[in-house]
Amino acid sequence: KGETFERMQVSEKQYEELVMAEKTVKSAKILRRVHAFKLMHMDWKYREIAKFLGVTNDTITDWIDIYKSGGIPALLNLHCKGRQSLLKKRQVGILKKESEKGSFKTAKQAKKFIEDNFGVSYHLHHVQLLLKKGFAYPLKEPEESLENHLL
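For reference, each letter of the sequence shown is one residue, going 341 to 491 in my numbering.
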């Protein structure tokens with residue numbers, strides 16, 4: 341079971357750059373990326389690197405693609421962009437106005453509003469994150485006061 345593709349070659353100069361970068365990195369996630377490339381320099385196989393670092397082979401391949409597209413600075417960047425928002429700015433504005441009017445008391449109600457009015461389906465957790473960005477809404481429906489239960 342050998343590797344049937346061209347392996348990433350880390351030159352001596354690139355290795356030295358990685359060693360220098362390693363001294364400034366504080367994130368354990370980024371350090372794993374740096375260590376992966378240092379191990380590539382020592383001719384470790386990708387599956388061995390993945391097992392040693394506790395990641396998948398696909399992750400190693402992703403890191404190589406990141407490195408090839410932007411070099412060490414890209415490799416040291418932990419913040420990936422992600423995909424474009426499904427809601428347009430105008431739709432987010434409408435959602436914010438509805439939130440301010442009190443049209444929904446929970447994220448579940450906001451999720452249903454988004455689906456019904458914009459045809460976009462989000463996971464409930466994402467709706468909660470979206471609503472935390474400058475929106476005022478409770479996370480749970482207000483519970484009836486104890487006084488109402490006692491009377």
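Just so you know, even glycine gets a beta-carbon here, dropped at the ideal spot from N, CA and C.
Distance, Cα to Cα, residue i vs residue j?
{"i": "Lys366", "j": "Ile389", "result": "21 Å"}
{"i": "Gln449", "j": "Asp405", "result": "41 Å"}
{"i": "Val350", "j": "Ile370", "result": "17 Å"}
{"i": "Ser443", "j": "Tyr355", "result": "57 Å"}
{"i": "Met360", "j": "Lys436", "result": "46 Å"}
{"i": "Gly410", "j": "Gly433", "result": "35 Å"}
{"i": "Glu440", "j": "Gln431", "result": "14 Å"}
{"i": "Asn397", "j": "Trp403", "result": "10 Å"}
{"i": "Glu352", "j": "Met380", "result": "11 Å"}
Which same chain residues, not among the five before or five after residue i, have their C-beta less than 7 Å away from its C-beta?
{"i": "Lys451", "result": "Tyr462, Leu464, Val467"}
Do residue j and residue i come within 8 Å of each other at the CB atom, strictly closer than that value?
{"i": "Val374", "j": "Leu358", "result": "yes"}
{"i": "Ala368", "j": "Ile400", "result": "no"}
{"i": "Leu418", "j": "Ala447", "result": "no"}
On the criterion of 16 or more Cβ atoms from any shown chain inside 10 Å, does residue i qualify as buried, or is it exposed?
{"i": "Thr382", "result": "Note that residue 382 is Met in the sequence shown, not Thr. Under this definition Met382 is an exposed residue."}
{"i": "Lys473", "result": "exposed"}
Grab me the residues of residue i's own chain with a C-beta within less than 8 Å of its C-beta, minus the 5 sequence neighbours each way, in chain order.
{"i": "Phe453", "result": "Leu435, Glu438, Ser443, Phe444"}
Handout entry: Three or more C-beta pairs below 8 Å linking the segment 402-414 and the segment 451-459
Key = no
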